[in-house]
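Peer 1:
What follows is the structure in structure tokens.
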């Protein structure tokens, strides 16, 4: 009887945890998220500090200003900077064509991306995609999945002062690898969500959403023998482009509304 009771209690506890972690993504998908935003933000800040400690920053003020201009235009749209505090945007001097965003309002762009994104609209497509991952709480989903496999109460402590191996595991759950420039993919569903949410974000900010398709075409065309890092972590495919095209009429409408309201970014 005691064994049955213990089993019943354990099952009930697990069920309560799952029920308490239910949420809904911006596109209406049911999510499993256990952690409050405050804890996710802390993990994101610590991960960002770790990246900055081992990755050189771009020193060219023209490049920094360009990236920050695009990011600012994305974030200054109505509702784009919920919570009041500004996002921190850093440009890292790395050859990989990649970018990332972390909970805690942190954005990183690798200079290699600027060789593939031909203009401000294409750069906005990537930044919008990464911001979408944060807004949709995709990192929280991945960390919550890790919670089911290990003691979730140790995650924050691990980032603050755990072993290198433990910190590495937590960073991986946030989507950041321990090697410089290596970012880890979200699931296919999350990537598709980020594509569509990011498309709307760039359109609302006054960036041409049609350039998002051109960006993915550029990624494939310039891949050569070694595909850009962004493709290896965010698989570009006909499915992705088809989904963007299906969403494009709505995005163009948002774009035209933004332009009519005066949102005309001029970062190039």
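Residue numbers (my numbering): 28 to 295. For every residue, glycine included, the Cβ atom is placed at its ideal position computed from N, Cα and C. For clarity, every value in this text was computed on a predicted model and none was experimentally measured.
#1: Residues in its own chain within less than 6 angstroms of residue 245 by CB, not counting five upstream and five downstream?
#2: For a quick check, are the C-beta atoms of residue 82 and residue 127 less than 8 angstroms apart?
#3: What are the start and end residues of each continuous beta strand (DSSP E) run of 3 or more residues lying completely inside the stretch 39-95, in chain order?
#4: CB residue 171 to CB residue 75, shorter than 8 angstroms?
#5: Look at the Cβ atom of residue 169, then the Cβ atom of residue 234, and state whether they are nearer than 8 angstroms.
#6: What span of residues does the beta strand (DSSP E) with residue 133 cover, start to end?
#7: What are the boundary residues of the beta strand (DSSP E) that residue 118 is part of?
#8: Short of 7 angstroms in beta carbon distance, which residues of its chain neighbour residue 135, apart from the five on each side in sequence? Order them along the chain.
#9: Distance check for residue 156 and residue 54, CA to CA, integer angstroms please.
#10: Closest by CA to residue 237, which one among 215, 150, 219?
#11: Among 239, 272, 97, 232, which residue has its Cα nearest to the Cα of residue 288?
#12: Thinking C-alpha only, which one of 282, 241, 230, 266 is nearest residue 218?
#13: Is residue 288 helix, strand or coil when you go by DSSP?
#14: Is it buried or exposed for residue 280, if we count other Cβ within 10 angstroms and need 16 for buried?
#15: So what's residue 180 in DSSP terms, helix, strand or just coil?
#16: Who are residue 128's beta bridge partners in DSSP?
#17: Cβ atoms of residue 225 and residue 130: under 8 angstroms apart, would you say?
#18: Mind reading off the beta-carbon distance from residue 242 to residue 152? Whole number of angstroms is fine, and I expect it under 8 angstroms.
Peer 2: Working from what's here:
#1: Within the chain shown, residue 245 is the residue found at index 218, counting from 1. Once the five neighbours on either side are set aside, the close Cβ partners of residue 245 are 143.
#2: Residue numbering aside, residue 82 sits at position 55 when the chain shown is read from its first letter. Residue numbering aside, residue 127 sits at position 100 when the chain shown is read from its first letter. Contact flag unset, no.
#3: 49-51, 57-59
#4: Locating residue 171 in the chain shown gives position 144, where the first residue counts as 1. Locating residue 75 in the chain shown gives position 48, where the first residue counts as 1. No, the Cβ-Cβ distance between residue 171 and residue 75 is not below 8 angstroms.
#5: Taking the first residue of the chain shown as position 1, residue 169 is located at position 142. Taking the first residue of the chain shown as position 1, residue 234 is located at position 207. Contact flag unset, no.
#6: Position 106 of the chain shown, counted from the start, is the residue given in the question as residue 133. Per DSSP, residue 133 belongs to the beta strand (DSSP E) from 133-137.
#7: The residue given as residue 118 occupies position 91 in the chain shown. Where residue 118 is concerned, the enclosing beta strand (DSSP E) stretches over 115-119.
#8: Indexing the chain shown from 1 puts residue 135 at position 108. Result list for residue 135: 78, 117, 119, 126, 127, in chain order.
#9: For the purposes of this step, residue 54 is identified with residue 27 of the chain shown, where counting begins at 1. For the purposes of this step, residue 156 is identified with residue 129 of the chain shown, where counting begins at 1. Taking the straight line joining both Cα atoms gives about 14 angstroms.
#10: As a first step, residue 237 is located in the chain shown; it is residue number 210 there, counting from the start. The residue with the shortest Cα to Cα distance from residue 237 is 150.
#11: Here residue 288 is taken as the residue at index 261 of the chain shown, counted from 1. Checked all of 239, 272, 97, 232; the closest Cα to residue 288 is 232.
#12: Taking the chain shown and counting its residues from 1, one reaches residue 218 at position 191. Residue 266 is the option with its Cα nearest to residue 218.
#13: Within the chain shown, residue 288 is the residue found at index 261, counting from 1. Coil, per DSSP.
#14: As a working mapping, residue 280 is identified with position 253 in the chain shown. Answer is exposed; the Cβ neighbour count stays below 16.
#15: In the chain shown, counting from the first residue as 1, residue 180 sits at position 153. Note that residue 180 scores a pLDDT of 45, beneath 50, so its modelled location is shaky; the value from the coordinates is reported in the next line. Coil at residue 180, not helix or strand.
#16: The sequence position of residue 128 within the chain shown is 101, counting from 1. Bridge pairing for residue 128: 134 [DSSP].
#17: Start at 1 with the first residue of the chain shown, and residue 130 comes out as number 103. Start at 1 with the first residue of the chain shown, and residue 225 comes out as number 198. It is not a contact, given that the beta carbons lie outside the stated cut-off.
#18: Position 215 of the chain shown, counted from the start, is the residue given in the question as residue 242. Position 125 of the chain shown, counted from the start, is the residue given in the question as residue 152. Between residue 242 and residue 152, the beta carbon gap of about 5 angstroms places them in contact (Cβ cut-off 8 angstroms).
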